[in-house]
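Undergrad: Just so it is clear: in the sequence shown, position 72 is 1417 by the working numbering, and no numbers are missing.
Virtual Cβ for every residue (Gly too), placed ideally from N, Cα, C.
The model shown is predicted, which means the values in this text are computed figures rather than measured ones.
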Amino acid sequence: MNDTYATADVGMIRLAVGADCAPDYFQRATDQIRQIPAVTRVRTSQPDRELEILFRQPAPGLLREIHLALKSAGAELLASKSW
1346 MNDTYATADV GMIRLAVGAD CAPDYFQRAT DQIRQIPAVT RVRTSQPDRE LEILFRQPAP
1406 GLLREIHLAL KSAGAELLAS KSW
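Structure follows, in structure tokens:
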């Protein structure tokens, strides 16, 4: 008997946010982005104002979900997907 399973590719998105973010912005944004099903890890760098998001592919609509989470947390997207 052969067991067949699909392996998902992993991708990374690094985003920069504006300097005028509230002090607790990164925690709110991280909490909301972690709730997105395809997301496996979120790292933040407050001095650089960056979020690094690791996710499983395929992830249709992921950028839209991340953008909505960022807006909900209180900031707009400044940079987009890094390859």
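#1: Going by the CB atoms, is the gap between M1357 and I1411 shorter than 8 Å?
#2: Pull up the distance between the alpha-carbon of G1354 and that of T1385, whole angstroms please.
#3: Could you tell me the boundaries of the beta strand (DSSP E) in which Q1402 lies?
#4: Return the residue from the list C1366, Q1391, P1382 and D1369 that minimises the CA-CA distance to L1407.
#5: Please classify D1376: does DSSP put it in a helix, a strand, or coil?
#6: Going by C-alpha distance, which of R1388, D1393, L1360 and C1366 is nearest G1419?
TA: Taking the definition as stated:
#1: no
#2: Residue identity differs from the one stated: residue 1354 is Asp in this sequence, not Gly. Using only the alpha carbons, I get a separation of about 12 Å.
#3: Per DSSP, the unbroken beta strand (DSSP E) holding Q1402 starts and ends at E1395 to Q1402.
#4: P1382
#5: DSSP, reduced to helix, strand and coil, places D1376 within a helical segment of the structure shown.
#6: Among R1388, D1393, L1360 and C1366, the Cα nearest to that of G1419 belongs to C1366.
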